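Residue numbers (our numbering): 1411 to 1794. Note that CB positions come from ideal geometry on N, CA and C, so glycine has one too. The structure displayed is predicted, hence computed values, not measured ones. Here the structure comes first, spelled out in structure tokens, and everything after it is commentary.
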Amino acid sequence: MGLRTGGYGGDIMLVGEEPYLPYQRPPLSKKYLSGEWQRERLMLRPDDFWRRMEIEVVTGKAVTAVDAGRHTVAIDGRTIGWSKLAFATGTEPRPMPDGFVGLRAVHRLRTIDDVDRLGPDFLPGKRLLVIGGGYIGLETAAVAAMAGLDVTVIERAPRILERVACSRTSDHFRALHQSKGVRIIEDGAIASVSSQDGQLTAVTLENGETLAADLAVVGVGVLPRTDLAERAGLHCDNGIVVDVHGRTSKKGIWAAGDCANFPFGGLPTRLESVQNAVDLAEIVADDMLGKTRDYKPVPWFWSDQYDTKLQIVGLNRGYDSVVAKRAERTFAHWYLRDGVVVAVDTINDGRTYMAARKLFEKGVKITAEDLARPDFDPVSVLRG
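Now the structure itself:
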């Protein structure tokens, strides 16, 4: 869309292997799973929008080969030429843990079809095991608990959300889920999986405990989809490696979104978020049009669980301290590295989140000394 709105008048083809128009993935584990949203609401734009924009959307077809030298791609037995090419191949689930492969009632939540397949098993009273205590796992657990399922979350790490949040945030969400009847098992390594006639029946943990199950949702993370790019000769390392303009190692080829690994803060960075998918795609479109600018993102993320909203701005990697700011029903955790705030996560505190996000966008540094002031208020700092 950025190419067309930016003035490009040539042919544009958008190719996807799923049989659907481009759609939003974040609601899959939230409002689509709960039934609050129907499929049509997931779509980014209706079919007639793409026709009006004169963008050819090819669904249900996979690009099977890219020839970077000849500037061609292979799609469904056809060879199609291109002048500029962008990879937006996203991610794919990590391999299914041992013992779960091929069993009925074992699900993932990556696509519309994944959620649709889960539906017939997603019934009140069913015993659900959620494998993985990250965002997807906990969002699934929340929807399931509200739907009346008997839910247990098994997290192999010492705590849920360990990769993305501080222990205080983990503590809050652990207590929240437990208050809704969800059992949280941390340090929960699975020793074996039991089945009968191809149907999941139980898992046994390394501590010897056996958990009966009617179904499981596996959410143990994702990997960037780079196979096609690697076969095309692009440099890949935890994603398709790009520069600050989204350019890959091959001239005329760009990459954006979850599959792209770009330089940020002096480190190779790959983000799995709506913000990154949209903002880096805009950088790529502008670069294709000769309106080159550097990608300097302000990362942001969110997660909805029950009536609780977690919002995060910045990247907390390498943080060495956390300052908690709490009110009666809201929380904010300020992550610092070398005395300077690098990220903020908030719980039901949209005011602080939006102020912090705008401070990041303006490049305003918040220090430990600022946070130590009794009257510290990010909104006041923003207003100057």
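Margin query: Between the region 1617-1637 and the region 1529-1547, can you find at least three pairs of beta-carbon atoms closer than 8 angstroms?
Written below: yes
Notebook entry, point to check: For residue 1510, which three-state DSSP category applies?
Noted result: coil
Notebook entry, point to check: Between which two residues does the beta strand (DSSP E) containing residue 1541 stretch?
Noted result: 1537-1541
Checklist line | Segment limits, beta strand (DSSP E) that includes residue 1633 | finding: 1632-1634
Notebook entry, point to check: Do you know offhand how far residue 1582's Cα is from residue 1481's?
Noted result: 52 angstroms
Next item on the list: Return the CA-CA distance between residue 1787 and residue 1734, expressed in angstroms with no decimal places.
Entry: 13 angstroms
Next item on the list: For residue 1522, name the three-state secondary structure that DSSP assigns.
Entry: helix
Item checked: Residues near residue 1430 in its chain [Cβ-Cβ closer than 7 angstroms; skip 5 each side] -> 1469 and 1522
Margin query: Considering Cα atoms alone, identify which of 1461, 1677, 1562 and 1742 is closest to residue 1575.
Written below: 1742
Margin query: By the three-class DSSP mapping on this structure, what secondary structure does residue 1776 have?
Written below: coil
Checklist line | DSSP bridge partner residues for residue 1426 (one or two, in chain order) | finding: 1469
Check: Thinking just about the alpha-carbon of each residue, which of 1618, 1690 and 1550 is nearest to the one in residue 1653?
Finding: 1690
Checklist line | Coil, strand or helix - residue 1460 by DSSP | finding: helix
Next item on the list: List the residues that DSSP assigns as beta-bridge partners of residue 1711.
Entry: 1722
Checklist line | Whole-number beta carbon distance between residue 1755 and residue 1579, since they are thought to touch under 8 angstroms | finding: 6 angstroms
Margin query: Please identify the residue among 1490, 1425 and 1450 whose C-alpha is closest to the C-alpha of residue 1471.
Written below: 1425
Next item on the list: Could you tell me which of 1438, 1563 and 1497 sits nearest to residue 1478, measuring between CA atoms?
Entry: 1497
Notebook entry, point to check: Helix, strand or coil: which one does DSSP assign to residue 1436?
Noted result: helix
Check: Taking buried to mean at least 16 other C-beta atoms within 10 Å of its own C-beta, is residue 1737 buried or exposed?
Finding: exposed
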